Every structure is written in structure tokens, then in C-alpha cells.
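Residue numbers (my numbering): 332 to 486. No residue lacks a Cβ here, since even glycine has one placed at the ideal position from N, Cα and C. Everything numeric in this text was worked out from a predicted model, so none of it was measured. Step one of this worksheet: look at the structure below.
Structural data, given as C-alpha cells:
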């Protein structure tokens with residue numbers, strides 16, 4: 332699986348907290364076979380300067396993708412055209428290239444890596460168990476549901 336993690340800009344305020352949170356949980360994502368790619372409309376030069384000057388960003392082990400042409404952000408429909416910045420968009424893509432998770436947050440609301448891990452585990456579980464679904468707040472090891480007419484109106 333691949334996690335594309337769009338964020339508005341380098342050298343900002345919420346963005347380093349999100350990227351740092353992903354970095355703190357990166358080993359867990361790797362154990363699940365998930366590669367993270369953070370994406371902003373900054374250049375690779377700006378990414379390097381931020382990486383070299385910030386302790387938080389300096390610990391990142393996953394790639395930072397530069398999208399100065401805005402193509403990637405536009406293709407994923409997270410581009411704020413008038414600002415030339417990406418929204419806080421999260422896309423988890425399975426090995427077949429199908430998007431399994433999409434989340435767009437307002438610019439002033441940060442994301443949570445532990446919640447993303449929970450959703451990734453759920454996506455992997457239902458991929459491996461296509462006749463089951465994960466209910467709200469499902470965590471690994473908890474009960475799932477097997478949709479059927481017998482369950483209608485009983486949950």
C-alpha cells in the first residue's frame with residue numbers, strides 16, 4: 332500500500348506536526364507494508380532546506396515529493412488553485428492501484444498517524460477478508476461484521 336500525504340507548505344505550523352507524527356509512526360507503517368510519500372507544491376530545494384533546518388523534519392525517513400508544477404495536487408483534486416497550495420489530503424492506495432482511504436482536512440486541522448494506522452489496518456483486513464466489514468472505531472483483533480440480510484435492523 333501507498334500513503335500519499337498532501338500538505339500545504341514547508342516552513343509552516345501544522346504541517347511539521349503532521350509530518351513528525353508520521354515519522355514517529357513510520358516503522359509501524361513499514362511493518363504493514365505501507366510506504367509514505369509526503370507531497371507539497373514546494374520545490375525539492377525548499378524540502379531540503381526545511382529538512383536541514385528543522386529537527387522535526389530532519390528525522391523523516393520517507394520521501395518528500397516536490398510538486399511545483401501542481402500536476403500531482405491537481406490530479407488528486409487537492410489543489411487550491413488560487414493559492415497554488417495543496418489541501419491536507421490523505422490517500423491510501425492498495426496494491427491494485429485502488430484508492431481505499433481518502434481524507435481531506437481543513438487547513439487548520441491536523442491529522443493523526445495513529446488513526447491513519449487504524450484505517451490502514453482496516454483496509455488491509457477487508458482486502459484479505461472480502462466478506463467482512465469493519466465497524467466504526469474497529470481496531471485490529473476486534474470483531475468484524477459479515478453483512479447479510481439476517482443483520483438488517485439488528486445492529
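Residue i - DSSP class collapsed to helix/strand/coil
i: residue 406; result: helix
i: residue 417; result: strand
i: residue 367; result: strand
i: residue 476; result: strand
Endpoints, alpha helix (DSSP H) assigned at residue i
i: residue 456; result: 444-459
Distance CB(residue i)-CB(residue j) smaller than 8 Å
i: residue 433; j: residue 332; result: no
i: residue 443; j: residue 352; result: yes
i: residue 354; j: residue 401; result: no
i: residue 367; j: residue 337; result: no
i: residue 483; j: residue 417; result: no
i: residue 350; j: residue 403; result: no
i: residue 441; j: residue 365; result: no
Span separating the alpha-carbon of residue i from that of residue j
i: residue 410; j: residue 459; result: 33 Å
i: residue 477; j: residue 362; result: 27 Å
i: residue 413; j: residue 475; result: 44 Å
i: residue 348; j: residue 407; result: 23 Å
i: residue 386; j: residue 448; result: 24 Å
N- and C-terminal bounds of the beta strand (DSSP E) containing residue i
i: residue 440; result: Looking at the DSSP string, residue 440 is not in any beta strand (DSSP E), and its letter there is neither H nor E.
**OP:** Could I get the ranges of all uninterrupted alpha helix (DSSP H) runs contained in the region 340-402, with 4 residues as the minimum, in chain order?
**Re:** 345-355, 357-362, 375-384, 386-389
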